[in-house]
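Contents: one structure, followed by commentary.
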Amino acid sequence: MKNLLYIGNQLHKHGFNKTAIETLGVFLAEEGYTMTYTSDKKNQGIRLFDMVVTTLFKARTADYILIDTYSTSSFWYAFFCSQVARLLKTNYIPILHGGDLPNRLKRNPFLSKLIFKNAYVNVAPSTYLVEKFNESGYENVTFIPNTIQLKEYEFVHRENIQPKLLWVRSFAAIYNPTMAVEVLKLIEEKYPEASLTMVGPDKDGSLLSTKQFADSLNLKVSFTGKLSKDQWTSLAKEHAIFINTTHFDNTPVSVLEAMALGLPVVSTNVGGIPYLLTHKENALLVRDNDSIAMATAIEILVNEVAMAKDLSAAAKLLVNTMDWSVVKLKWKQLLGN
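Numbering (this note's numbering), first residue to last: 896 to 1232.
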């Protein structure tokens, strides 16, 4: 089997949510690929240094270098490591995770070309990013969706939809966690028994500001902090609706997991979301930062249980196509044995 060097933020042990390097990397290792990873250093500067040094020393023995590529500050490790790979003539594959990458292509066209034009191939987990990269002149893009193992998720049929809301994400401004609190405030006006649980670690100070915002509105929101997958998927059984409030997105794994668990999804209609989900077919979609529209969508689900069940069933059919048993065939076709 091939030797792979995987570059990404391996920070789960530091209290952050798992990223692709800690999920896809494990899946590939289980398929027999020899994996080398970088980096698990918490400090961003030290992590960048570790990634570059590891690339320098390991690139020549790697058949391919996989690089998790984001649109914010982590864009820079993709840039530096890709250029080292070019120097050492090793094929590298950016895996495009950042929902705001299309804007990065516009802001930094020269640097973007150095990364993406010279890649062996760019892997996009959404057709949204395939389309946006194609529009920017990048033809070397292939679609391989984000993936989960469905056997790890118990699909629960909800006979009665209550306004018990679940939000799962890192607390960061781009994910707009305060919108979830605004939605609860609106829902409580009609449903005093409504509840909101927010699961995830802090990323940029947004956890504290969200707590303070909830307190200012006299709302009781359950903030669990970071939970293991087993913990939050078990918690999901006590909830009826999953909400996704992000400003930017690609193909969020937490939404795939919610669909696998049978939770009807209400999401902002941003980035790759409308390429993943179809309004009134497998989810309800609202405009970015439109708390009133999201609260209205939740009320519809509470009052129209048949619709909620239909959305949930259709979402399960969609997420079935993203099971690792299906997606691994695309990776094997790309990487070989």
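The C-beta atom is built at its ideal place from N, Cα and C for all residues, glycine as well.
**Request:** Quick one: grab the DSSP three-state call for M1217.
**Result:** Coil.
**Request:** Please work out which residues of its chain come closer than 8 Å, Cβ to Cβ, to V1076, disregarding the five sequence neighbours upstream and downstream, and give them in chain order.
**Result:** Hits under 8 Å: L1091, T1105, F1108, A1109, L1112, L1114, V1116.
**Asked** Skipping 5 residues on each side, what residues in its chain have a beta carbon closer than 8 Å to that of Y928?
**Response** Excluding sequence neighbours, Y928 sits near M896, K897, N898, L899, L1230.
**Message:** Among E1054, L1102, Y1048, whose alpha-carbon lies nearest the alpha-carbon of N1071?
**Reply:** Checked all of E1054, L1102, Y1048; the closest Cα to N1071 is L1102.
**Item:** Spatial neighbours of T933 in its chain, beta-carbon cut-off 7 Å, leaving aside the 5 residues before and after
**Value:** Hits under 7 Å: I902, D945, M946, T949.
**Prompt:** If N1145 sits next to G993, beta carbons under 8 Å apart, how far is it from one beta carbon to the other, in whole angstroms?
**Reply:** Indeed they touch by this definition, with Cβ atoms about 7 Å apart.
**Request:** Could you name the residues of the same chain whose beta carbon sits closer than 6 Å to that of Q1057, not counting the 5 residues immediately before and after it, in chain order?
**Result:** Excluding positions up to five away in sequence, the list reads A1135.
**Prompt:** The beta strand (DSSP E) spanning T1037 covers which residue range?
**Reply:** Run containing T1037: 1036–1038, per the beta strand (DSSP E) assignment.
**Message:** Measuring CB atoms only, is the stretch 1158–1173 touching the stretch 1189–1199, in the sense that at least three cross pairs come out at less than 8 Å?
**Reply:** With a cut-off of 8 Å, the stretch 1189–1199 and the stretch 1158–1173 count as touching, because enough Cβ pairs lie within range.
**Prompt:** Taking just the CA atoms, how far does A1208 sit from A1192?
**Reply:** Here the C-alpha atom of A1192 lies approximately 18 Å from the C-alpha atom of A1208.
**Prompt:** With distances taken from CA atoms, which of K908, L1172, Q978 is nearest S1007?
**Reply:** Answer by Cα proximity: Q978.
**Item:** Under 8 Å between C-beta atoms of E1063 and K1132
**Value:** It should be pointed out that residue 1063 corresponds to Val in this sequence rather than to Glu. Judged by their CB atoms, V1063 and K1132 are not nearer to each other than the 8 Å cut-off.
**Request:** Out of K1121, N1055, D1183, point me to the one whose CA is closest to F1066's CA.
**Result:** Comparing Cα positions, the closest option is K1121.
**Asked** With a CB to CB cut of under 8 Å and the five nearest residues on each side skipped, what residues in its chain are close to A973?
**Response** Correct list, in chain order: I902, I962, D963, T964, Y965, P989, I1010.
**Asked** Going by DSSP, which residues form a beta bridge with G1120?
**Response** The beta-bridge partner set that DSSP reports for G1120 consists of V1094.
**Message:** Between the alpha carbons of D1185 and K936, how many angstroms are there, rounded?
**Reply:** Near 37 Å, if we compare the C-alpha coordinates of K936 and D1185.
**Message:** Using 8 Å as the cut-off, can you tell me whether the stretch 998–1006 makes contact with the stretch 1016–1026, which would need three or more C-beta pairs spanning the two stretches below that distance?
**Reply:** These segments do not touch.
**Item:** Beta-carbon spacing of M1154, L1213 below 8 Å
**Value:** Cβ distance < 8 Å, so M1154 and L1213 count as in contact.
**Prompt:** A980 to L1130, Cα distance in whole Å?
**Reply:** Cα to Cα, the separation comes out at about 43 Å.
**Prompt:** Smallest Cα separation from K1225: which of N938, P1040, N912, K908?
**Reply:** With distances taken between Cα atoms, K1225 lies closest to P1040.
**Prompt:** Nearest-angstrom Cα distance between T1140 and M1074?
**Reply:** Their Cα atoms are separated by approximately 6 Å.
**Asked** Which residues in the same chain have their Cβ closer than 7 Å to the Cβ of M1217, if we skip the five residues on either side of it in sequence?
**Response** Listed in chain order, the non-local C-beta contacts of M1217 below 7 Å within the same chain comprise P1040, N1041, T1042, I1043, L1151, local neighbours out to five positions each way being set aside.
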